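Worksheet: the structure to be examined is printed underneath.
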Amino acid sequence: MRIRLLYSLILVLLSSNILSAQETQQKSKVFVYRPASFGTIGQAPWIYFDDVKKGQLNNNSYQIFNVLPGKHKIVIDGSHTEWSPGRAEIVFRTGANKEYFVRLGTPGQVDDYNPGRAASTLGTAVLKIVDSKLAQKEVDITSDQFEFFRPHIDN
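This is the structure we're talking about:
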């Protein structure tokens, strides 16, 4: 009887490790980034991922979330800070083993990033999924404008 119980326990432990490995292999990366913006340089709104508060998204920074495929929601809320552009929300679906780049900006910045225009942050906050090439270009530009680009990785 004890041998059967021990054998069952070993099988359960092994199967849970296999499932964990499969989940890890299926996870996607979601990069939420905020390029340099002089108008809101000292303001840092809170970021919520799937309704869980994950911290503040500082100027010229990003956060990485490793997520399972499915529907996800990101909310930027600065109601408890001095974040003037307001609240933004995006709901999207992720697939297995993919990368997604979500940019926090204002309407004039989201479609065509222009460092000269980055000084103006008039308007409301916008979250938008952007192409990886545009995201890399913006990260490179903002990294050149400032000496650092702070990542936060959430597993």
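With the first letter of the sequence shown counted as 1, position 119 gets the number 115 in our numbering; the numbers rise by one all the way through. The beta-carbon is built from N, C-alpha and C at its ideal position, and this holds for glycine as well. Since the model is a prediction, treat every value here as computed from it, not as a measurement.
Length of the line joining the Cα atoms of Gln21 and Glu134: 28 Å
Please decide whether His68 counts as near chain B, where near means a Cβ-Cβ distance under 7 Å. Among the protein chains of the structure shown there is no chain B, as only one such chain exists.
Which residue's Cα is closest to the Cα of Gly101: Asp73, Lys50, Gly51? Asp73
Under the three-state reduction of DSSP, which class applies to Thr120: helix, strand or coil? coil
Which of helix, strand or coil DSSP assigns to Leu64: coil
What does the alpha-carbon distance come out to for the pair Asn54 and Val48? 18 Å
Would DSSP call Gln39 helix, strand or coil? coil
What would DSSP say about Ser57, mapped onto helix, strand or coil? strand
Please confirm whether Ile86 and Leu123 have their CB atoms less than 7 Å apart. yes
Whole angstroms are fine: how far does the CA of Lys94 sit from the CA of Gly38? 32 Å
So, is Ile157 buried or exposed, given that buried needs 16 or more other C-beta atoms within 10 angstroms? The requested residue 157 does not occur in the structure, where the chain is confined to residues -3 to 151.
Please classify Ala32: does DSSP put it in a helix, a strand, or coil? coil
Which term fits Thr120, buried or exposed, when burial requires 16 or more other beta carbons within 10 angstroms of its beta carbon? exposed
Which listed residue (Val28, Ser80, Asp136, Tyr96) has its alpha carbon closest to that of Gly162: With the chain covering only -3 through 151, there is no way to say anything about residue 162.
Take the Cβ of Gln59 as the centre, count every other Cβ of all protein chains shown within 10 Å, and call the residue buried at 16 or more, exposed below. buried
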